[in-house]
Each structure stands twice: as structure tokens, then as C-alpha cells.
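Chemist: I have a structure here, written as C-alpha cells, and I will follow up with some questions on it.
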Amino acid sequence: MAEDSTLVAQALKGDRKAFEMIVRKYEQPMTNYLSRMTGEREAALDFTQEVFIKVYCSLGSYRPAYKFSTWLFKIASNHLIDHWRKKKLPTLSLDQPVDDDEGSLTPQVPDPGPSVARKFELAEIRQKIERALGFLPTALRELFVLRHVNEFSYEEIADIKSLPVGTVKNRVFQAKEMLRKRMEGL
Amino acid sequence: MRDDCRSAESFYLYLEGELGPSERRGLEAHLETCPSCRGVLAERRLLYEAFTSLPPFEVPPNFALSVMDRLPEPAAAGPRWLAALASGLTALVVGLLGFYLLTGESLPDVLVAVGRSFSSGFGRLLPLFAKLLKVGGLLLDVASGFVTMLGKGLVALLSALGPEGIGLILGLGLLMSLLFFFGAKRLLSLGEKS
């Protein structure tokens, strides 16, 4: 498959087939991301369409010096934020401390308690993770999904979210531990 | 649990290959002697495997086509050079119009002045160019590093500005050149006509 920057250049010249190739390449990772963020199948597909249309209209502002996938997911992330802001849904600022029902999350030492993971087979754990994801604050859920579903590096996520790499690492860790705690109750 | 037991975050970073070589060796050495941490690692390993193997979302087979059907007309993504040219010409026209309104001088006068200034200036500068060529080799050696650095900076700047920005700067640059030569005409032949 052609390089992203080549496809973008062709699309900018009016080659719609080139943009279709971009859509085909990224429709799966984009819906993987948006489905976990919205929690609804139809909404995820609608959002994915809207993001690709936004990307098409903004192609002129893309600079090949940046990685295309990072730029694409930055647009998707901003699109979600705009949507939530319009609907006035509660979002969590990354500057606020993250607490769950059981208090502040600072699990920095090995937990000698009963193992959650050993109780379940991998498939069952995945189902629980999907359900537990819905309980995560959106800011943490997004970082977790970008890292473990979309497999972006911590540096790429830092670019997408305009955050320091250390903050991203810490928040992804918090998301994982919060998921682990939630799974205990499912 | 011992004092030197590692944090859960370290285990995740270890599983992801994000630990540095010395941190990794230190953790592995600790694991050999700490059953508690081995248990924690085994649990996090299973979770990590589940985290990284979540099933993909099912995308309808005609999804890409439905996106393509909803795209706006191609005109929305028009040629970029046209925008650059348009912004450059606009800057030039607006500048010349403003200049005419402020000074009352006509465009033909300005262009004549530019032409004469070029020819006169070239004749004056020719001996200087000849001398510069003699020491050019030396100057090139000294300046090559600086020029390379300047080039990289310029490329980065142009990339950041985009075609519209470049067009705008070129248009303004041309306008400034015209103004400079129009000022110079008073020192040269055109000023004699009055």
C-alpha cells in the first residue's frame, strides 16, 4: 500500500480513490477507538464517518513532517471533545486527581490480595475489560484505548493529546489498575 | 512484601518493553528472589495479554464507500498553488493601490524607475562582484556551515508557513522591492524629468 503522505498528496490533487484508500486503511483502527469511546456501535460508525469527512476537508493543513496516523487521531480526539462539550457531558480534566469509588488510586506496591486474573480465562477477561471500560473516566479510557487497542507508542499518544510522555504513561497505568479493580466487582 | 519490591507500574512497563536495560536487569534479578513479585507479574501478564488482544470492532463491508458518498465536492480541496498565487497577488495589488493613494505616483513610473535602477545598479555592482569572486572560495568555506544551518531553518520555516504564507511573504517582498527602487529613482535619472 502507498505511503500515507503520497495518498494525501494525491487526494489533494482531487484523486478521490487515494482518499478512499486512506479510509479503508484507517476505518478499522478508527472504529476500534471510537467504539470504545462512545460505547455504542451506531454512534461509533457515525463518528467515524464524521471524522473522515473532517479529515478530508482539512487535508490541506496536514504537514508531511508529522505522522499521518497521529494527525488523524488528533482530529478524532478533538471531534469527540467537541461533541461532549456540546452535549455538556462530564469530562475529566487530566489535571485533576483520579479517584474511584474506593478512594485515590495509588497502587504502587505489589498487591498480595487474591489474584483477579487467575480466576478467569483470557476470553472472559476480555469481556470483563470491555464492560469495565465503560466505568473509566473518558480521559483515562481514551489514553488506555490509544495505547492498548490502537497500539500507539507513548510518544505518539503524547503528540495526539498534547501531553508530556510521563503524564501519558502514568495515566495509562492508572487506567489499567482502575480496570483491574473494576473487574473484581463484575 | 520486601522493601525492594517494585511498583505495579514497573511490571506493566517491563511487559511492554518500556524499561531501560539497567531497570530491566534490576527487576529480573529481584524477581528471581521474590515469589510475591513473581505472582504480581504473572497476574499483570495475563491482564496485559487481555488488554492487547481486545477484539476488533466489526466494520460494515461498504463503510468506506458510504464515507466517500458523503464527502463534499472535490472543489473543497482545490490546488494549493492557486491559493498561494492568489494571496501573493492580493498582497501586491493592495500594496500598490495603497502606495498610489498615499503618494500619487502611478504604477508605470514605479516600473520605469525599477528598470533604470536595475540597469544602473548592475553596472555599479559589477566590479564589486569581480572582487568578491576572488575571495569567494574562502568565503564559501567559512559560510558553508552557516548556509547549511540557514537552509535547514528556512525549510522548517517554509514548511510551517504553508503555501499561503509563502505567497503572502513573496508578495510583500516584491512590494517592498518596488518601494525601495522607487525611492532610489530620485537619486537616479527619473528625478531629473521634473
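For the record, the sequence lines run as chains Y and H.
If you're matching positions, the first sequence starts at 3 in the numbering used here and goes up one per residue.
If you're matching positions, the second sequence starts at 319 in the numbering used here and goes up one per residue.
Where is the CB? At the ideal position from N, CA and C, for every residue including glycine.
Which residues, taken in chain order from the segment 367-380 of chain H, show a beta carbon closer than 9 Å to some beta carbon of chain Y?
Modeler: Glu367, Ala368, Phe369, Thr370, Ser371, Leu372, Pro373, Pro374, Phe375, Glu376, Val377 and Pro378
Chemist: Spatial neighbours of Ser95/Y within its chain, please: C-beta separation below 6 Å, excluding the five flanking residues on both sides.
Modeler: Numbered from its first residue, the first sequence carries residue 95/Y at position 93. Because Ser95/Y sits at a pLDDT of 48, beneath the cut-off of 50, its placement in the model cannot be relied upon, and the point is left open.
Chemist: Rounded to the nearest angstrom, what separates Ala78/Y and Phe369/H at their Cα positions?
Modeler: Along the first sequence, read from residue 1 onward, the residue named residue 78/Y stands at position 76. Along the second sequence, read from residue 1 onward, the residue named residue 369/H stands at position 51. Roughly 22 Å separates the two Cα atoms.
Chemist: Rounded to whole angstroms, what is the Cα-Cα separation between Leu364/H and Leu333/H?
Modeler: As a position in the second sequence, residue 364/H is number 46, starting the count at 1. As a position in the second sequence, residue 333/H is number 15, starting the count at 1. Near 10 Å, if we compare the C-alpha coordinates of Leu333/H and Leu364/H.
Chemist: From this set, Tyr35/Y, Asn80/Y, Ser7/Y and Asp84/Y, which residue's C-alpha is nearest Tyr68/Y's C-alpha?
Modeler: Residue mapping note: residue 68/Y aligns to position 66 of the first sequence, counting from 1. The residue with the shortest Cα to Cα distance from Tyr68/Y is Ser7/Y.
Chemist: Which one of Gly41/Y, Gln129/Y, Tyr156/Y and Ala13/Y has the shortest CA to CA distance from Met185/Y?
Modeler: Here residue 185/Y is taken as the residue at index 183 of the first sequence, counted from 1. For Met185/Y, the nearest C-alpha among the options comes from Gln129/Y.
Chemist: Enumerated in chain order, which unbroken segments of the alpha helix (DSSP H) with a length of 4 residues or greater are wholly contained in the segment 365-400 of chain H?
Modeler: 381-388
Chemist: If I'm right that Ile159/Y touches Leu145/Y with Cβ under 8 Å, what's the distance once you round it to whole angstroms?
Modeler: On the first sequence, position 157 is the one that residue 159/Y refers to. On the first sequence, position 143 is the one that residue 145/Y refers to. Ile159/Y to Leu145/Y, Cβ: 6 Å. Contact.
Chemist: I believe Phe329/H touches Val358/H by the beta-carbon criterion, under 8 Å. Please report the beta-carbon distance rounded to the nearest angstrom.
Modeler: What you label residue 329/H is simply residue 11 of the second sequence in a count that begins at 1. What you label residue 358/H is simply residue 40 of the second sequence in a count that begins at 1. Correct: roughly 6 Å between the Cβ atoms.
Chemist: I'd like to check one pair, Leu493/H with Leu414/H: are the Cβ atoms closer than 9 Å?
Modeler: The residue given as residue 414/H occupies position 96 in the second sequence. The residue given as residue 493/H occupies position 175 in the second sequence. Contact flag set, yes.
Chemist: Reducing DSSP to helix, strand and coil, say where Asn152/Y ends up.
Modeler: Taking the first sequence and counting its residues from 1, one reaches residue 152/Y at position 150. Coil at Asn152/Y, not helix or strand.
Chemist: The segment 163-175 of chain Y: which residues have C-beta closer than 7 Å to a C-beta of chain H, in chain order?
Modeler: Phe175
Chemist: Determine, using beta carbons only, whether Asp113/Y comes closer than 9 Å to chain H.
Modeler: Looking up residue 113/Y in the first sequence gives position 111. Because the pLDDT of Asp113/Y is 49, which lies under 50, any placement of that residue in the model is unreliable, and the number read from its coordinates should be weighed accordingly. Judged by the 9 Å Cβ criterion, Asp113/Y is in contact with chain H.
Chemist: Report the option in Phe499/H, Phe498/H and Gly483/H whose CA atom is closest to the CA atom of Ala402/H.
Modeler: The sequence position of residue 402/H within the second sequence is 84, counting from 1. Nearest to Ala402/H by C-alpha distance, out of Phe499/H, Phe498/H and Gly483/H, is Gly483/H.
Chemist: My guess is that Ala409/H and Leu486/H are in contact by the Cβ rule of under 8 Å, so how many angstroms apart are they, rounded?
Modeler: Residue mapping note: residue 409/H aligns to position 91 of the second sequence, counting from 1. Residue mapping note: residue 486/H aligns to position 168 of the second sequence, counting from 1. That belief holds up - the Cβ atoms of Ala409/H and Leu486/H are roughly 5 Å apart, short of 8 Å.
Chemist: Taking 9 Å as the cut-off, decide whether the C-beta atoms of Leu148/Y and Lys163/Y are in contact.
Modeler: The residue you call residue 148/Y lines up with position 146 of the first sequence. The residue you call residue 163/Y lines up with position 161 of the first sequence. Yes, they are a contact pair.
Chemist: Quick check on the burial criterion: 16 or more other C-beta atoms within 10 angstroms. Buried or exposed for Glu346/H?
Modeler: Residue mapping note: residue 346/H aligns to position 28 of the second sequence, counting from 1. Answer is exposed; the Cβ neighbour count stays below 16.
Chemist: Are the C-beta atoms of Arg388/H and some chain A residue less than 9 Å apart?
Modeler: Of the protein chains in the structure, Y and H, none is chain A.
Chemist: Given that Val460/H touches chain Y, what residues does it touch there, using C-beta distances under 9 Å?
Modeler: In the second sequence, residue 460/H corresponds to position 142, counting from 1. What Val460/H touches in chain Y, judged by beta-carbon distance under 9 Å, is nothing: the nearest beta carbon there is about 30 Å away.
Chemist: Helix, strand or coil for Ala11/Y? Go by DSSP, reduced to three states.
Modeler: Stepping through the first sequence from its first residue, residue 11/Y is reached at position 9. Helix at Ala11/Y.
Chemist: Does Ser37/Y have its Cβ less than 9 Å from a Cβ in chain H?
Modeler: As a first step, residue 37/Y is located in the first sequence; it is residue number 35 there, counting from the start. So yes, Ser37/Y belongs to the interface.
Chemist: What is the residue span of the alpha helix (DSSP H) that Gly168/Y lies within?
Modeler: Translated into the one-based positions of the first sequence, residue 168/Y becomes position 166. Element bounds for Gly168/Y: Val167 to Glu186.
Chemist: My output table needs one value for Glu361/H: the three-state DSSP class, helix, strand or coil.
Modeler: Numbered from 1 along the second sequence, position 43 holds the residue referred to as residue 361/H. Helix, per DSSP.
Chemist: Considering just the uninterrupted stretch of the alpha helix (DSSP H) at Cys59/Y, what are its terminal residues?
Modeler: Here residue 59/Y refers to the residue found at position 57 when the first sequence is read from its first residue. Its alpha helix (DSSP H) spans residues Arg43 to Ser60.
Chemist: Mark Arg65/Y as exposed unless 16 or more other C-beta atoms lie within 10 angstroms of its C-beta, in which case mark it buried.
Modeler: The count along the first sequence starts at 1 and reaches residue 65/Y at position 63. It is exposed - the Cβ of Arg65/Y has fewer than 16 other Cβ atoms within 10 Å.
Chemist: Run through DSSP, which three-state label would Arg128/Y get?
Modeler: Taking the first sequence and counting its residues from 1, one reaches residue 128/Y at position 126. Helix at Arg128/Y.
Chemist: Give every residue of the same chain whose Cβ lies closer than 7 Å to the Cβ of Val53/Y, excluding the five residues on either side of it in the sequence, and list them in chain order.
Modeler: On the first sequence, residue 53/Y is found 51 positions in, with the first residue counted as 1. Here the set comprises Met32, Ile77, Ala78 and His81.
Chemist: According to DSSP, simplified to helix, strand and coil, what is Leu450/H?
Modeler: Here residue 450/H refers to the residue found at position 132 when the second sequence is read from its first residue. Residue state, collapsed to three classes: helix.
Chemist: Using the beta-carbon count (16 or more within 10 Å), is Met23/Y buried or exposed?
Modeler: Locating residue 23/Y in the first sequence gives position 21, where the first residue counts as 1. Flag for Met23/Y reads buried.
Chemist: At 8 Å on the CB atoms, spell out the chain H contacts of Gly132/Y, in chain order.
Modeler: Mapped onto the first sequence, residue 132/Y falls at position 130. The displayed chain sequence assigns Glu, not Gly, to residue 132/Y. Correct list: Leu372.
Chemist: With DSSP run on the structure shown, which of helix, strand or coil describes Ser164/Y?
Modeler: Mapped onto the first sequence, residue 164/Y falls at position 162. Three-state DSSP puts Ser164/Y in coil, outside helix and strand.
Chemist: Between the segment 70-83 of chain Y and chain H, which residues of the former have a C-beta closer than 7 Å to a C-beta of the latter?
Modeler: none
Chemist: Cys352/H by DSSP, collapsed to three states: which one?
Modeler: Here residue 352/H refers to the residue found at position 34 when the second sequence is read from its first residue. Note: Cys352/H maps to coil in three-state DSSP.
Chemist: Let me check understanding here. Comparing Cα to Cα, which of Glu44/Y, Gly62/Y and Lys56/Y lies closest to Gly480/H?
Modeler: Counting from 1 along the second sequence, the entry for residue 480/H is found at position 162. Residue nearest to Gly480/H within the set Glu44/Y, Gly62/Y and Lys56/Y is Gly62/Y (criterion: CA-CA distance).
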